[in-house]
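First the structure, in the form of structure tokens, and then the observations on it.
Residue numbers (the numbering used here), protein chains in the order written: chain R, 20 to 324; chain F, 20 to 324.
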């Protein structure tokens with residue numbers, strides 16, 4: 020059975036472990052701080068690989084950014100990584116096969132191989148966090164597109180009438196409604212325009228200071244303003260998922276990410292299925308943990324090598 | 020070289036011809052009126068097949084409606100076809116292999132194999148007619164989904180703030196903006212709300228009587244109202260295509276259909292490429308003719324058998 024050194028590159032820390040081809044950890048997960056300088060970063064990659072490469076067959080990386088179609092480089096800008104990151108040819112780091120993939124795609128693959136979408140050969144994994152990420156599996160293969168950048172579902176446009184400015188400076192991206200940041204923007208919008216805010220438990224708060232946590236906490240206290248904000252946010256999530264379901268006719272949609280945990284999975288499933296023109300879809304909560312990037316990159320690398 | 024009897028089933032007429040595996044016609048195209056009764060329809064299918072089946076290896080059908088995953092039946096309702104149409108098992112019509120596929124998917128496949136998208140292994144074909152149809156090719160394969168219904172791009176939701184009612188009775192479907200019917204609805208909306216209508220060459224017309232032809236004709240006469248309607252319509256088309264490009268990262272988008280001919284392909288390409296987060300896409304006008312359904316079904320059948 021093949022063994023992979025799975026490395027997850029984050030903006031603040033780099034995690035790594037040896038993983039087998041079923042996704043089991045064969046070593047403890049080790050962590051290092053992410054260097055701010057490109058040479059230090061390369062040195063760190065080399066020392067991590069040196070310490071483990073004799074015990075593995077393949078090296079795999081999960082990273083932020085768009086990865087090229089041959090899975091060897093990061094091609095887009097990655098604001099949280101040192102300058103020059105997109106110049107690294109990852110295959111030069113080891114004599115063993117090296118594989119790189121976008122972390123959202125890795126996490127999606129982990130959900131498909133060992134998580135909530137196991138057995139669903141057509142599935143959409145959507146990550147609701149500060150932003151919106153996605154990975155799409157079609158007939159058991161990851162959708163990568165012509166250049167490796169497919170699956171940017173956060174940049175679909177919905178609600179074009181509303182004209183909300185996304186953190187990417189474009190207008191009406193799905194991410195600007197369906198993410199955690201989107202929930203906060205919806206909270207501010209509704210506080211300014213709806214009378215529900217006046218009788219809310221948050222009515223003494225400055226509108227700009229209302230947080231996503233306030234809304235989730237308010238829901239549990241039956242605060243009607245919080246409920247209106249949450250329902251609007253969740254409905255925007257559903258609007259995007261209706262489109263994706265009609266496009267892909269998937270077996271399932273898996274909702275993951277920190278904000279995903281707050282959603283009402285059954286309501287989302289019912290609302291989608293009452294609006295689509297394709298056959299019904301299952302909606303599920305993600306099962307894999309924070310280590311999904313590491314596991315997914317290892318399993319994708321095994322599938323390739 | 021394999022020969023296919025390609026049959027295109029329309030609501031008013033049924034066209035058929037013998038086609039080789041390169042998409043060439045080996046016989047004249049023959050046409051019959053579509054019977055209004057299911058038994059007459061089946062009899063017609065049988066007599067068409069009987070007259071040609073000794074000369075071919077495979078029988079292929081292009082049809083409206085959602086076709087099941089094994090390409091043997093139509094599973095959705097098809098308002099223009101006789102009642103009971105979805106009970107026909109097409110494989111019972113001949114002892115030779117029989118293949119059925121949705122007509123939009125067939126037309127997309129024809130564009131990919133012998134049309135504007137030839138060589139583009141990742142491509143989206145969008146048909147702008149009375150409605151909006153689509154077919155999606157990923158790594159040289161037709162996207163079919165779990166049940167054969169994938170590619171329903173006309174049912175994505177955009178512009179959810181506007182609340183337009185689609186002909187399918189749902190709200191804010193892409194089709195209700197980007198189709199010919201969408202152009203007419205946009206014309207009515209703008210006539211009611213914009214001062215441009217007062218100085219338009221159509222200002223004496225009843226708003227409900229403004230046609231898509233009026234708008235296209237008005238454009239050529241530099242009518243500012245017509246230009247505003249057209250630009251709004253084309254911008255809505257672009258909004259949907261930006262989302263699809265970010266999702267699929269395709270080599271190309273092919274625009275087909277009666278309304279497609281009126282679009283400004285270069286502007287659409289520029290506008291998409293200035294908004295997407297994936298790598299640039301080419302936008303092209305479709306090349307295959309009205310016979311794309313027949314040809315595409317034949318070529319798909321050859322690929323399967």
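In this text, a Cβ means the ideal position worked out from N, Cα and C, and glycines have one as well. In this text, all values refer to a predicted model and were calculated from it rather than measured experimentally.
With a threshold of 8 Å between beta carbons, residue 181(R) makes contact with chain F. Taking C-beta atoms as the reference points, residue 81(F) and residue 93(F) fail to come closer than 8 Å. Using a Cβ distance threshold of 8 Å, residue 146(F) and residue 276(F) count as a contacting pair. Within the region 253 to 272 of chain R, the residues whose Cβ lies closer than 7 Å to some Cβ of chain F are 258, 261, 262, 265, 266, 267, 268, 269, 270, listed in chain order. A straight line joining the alpha-carbon of residue 113(R) with that of residue 68(R) spans about 7 Å. Annotation: the continuous beta strand (DSSP E) that includes residue 154(R) extends over 151 to 157. Every beta strand (DSSP E) stretch that sits fully inside the region 73 to 120 of chain F and reaches 3 residues is listed by chain position as 77 to 82.
With the rule of 3 Cβ pairs closer than 8 Å, the region 190 to 198 of chain R counts as touching the region 151 to 159 of chain R.
Residue 79(F) and residue 134(F) do not touch by the CB rule: their CB atoms are close to 17 Å apart, not below 8 Å. The CB of residue 296(F) comes closer than 7 Å to the CB of 171, 174 in chain R, given here in chain order. Annotation: Cβ neighbours of residue 168(R) in chain F (cutoff 8 Å, chain order): 268, 296, 297, 298. At a cut-off of 8 Å between beta carbons, residue 211(F) makes no contact with chain R. Beyond the five residues adjoining it in sequence on each side, residue 301(F) comes within less than 6 Å, by CB distance, of 271 in the same chain, given in chain order. The straight-line gap separating the alpha-carbon atoms of residue 87(F) and residue 128(F) is approximately 17 Å.
Nearest C-alpha to residue 75(F) among 96(F), 305(F), 220(F), 40(F): 40(F). Beta bridge pairing from DSSP links residue 192(R) with 176(R). Close to chain F, meaning a Cβ-Cβ distance shorter than 9 Å, is no residue of the region 215 to 236 of chain R at all.
If you check each beta-carbon in the region 137 to 158 of chain F against every beta-carbon of chain R, the ones closer than 7 Å belong to 141, 157. Residues of chain F whose Cβ lies closer than 7 Å to the Cβ of residue 164(R) are, in chain order, 141, 267, 268, 269, 297. In this chain, the beta strand (DSSP E) harbouring residue 36(F) covers 32 to 39. Annotation: residue 27(F) is outside any alpha helix (DSSP H); the continuous beta strand (DSSP E) that includes it extends over 22 to 28. With a threshold of 8 Å between beta carbons, residue 287(R) makes no contact with chain F.
In this structure the region 234 to 254 of chain R does not lie against the region 116 to 127 of chain R, because fewer than three pairs of beta carbons, one per stretch, are closer than 8 Å. Around the beta carbon of residue 211(F), a 10 Å sphere encloses fewer than 16 other beta carbons of the protein chains shown; the residue is thus reported as exposed. Residue 22(F) sits close to residue 37(F), with the two beta carbons spaced by under 8 Å.
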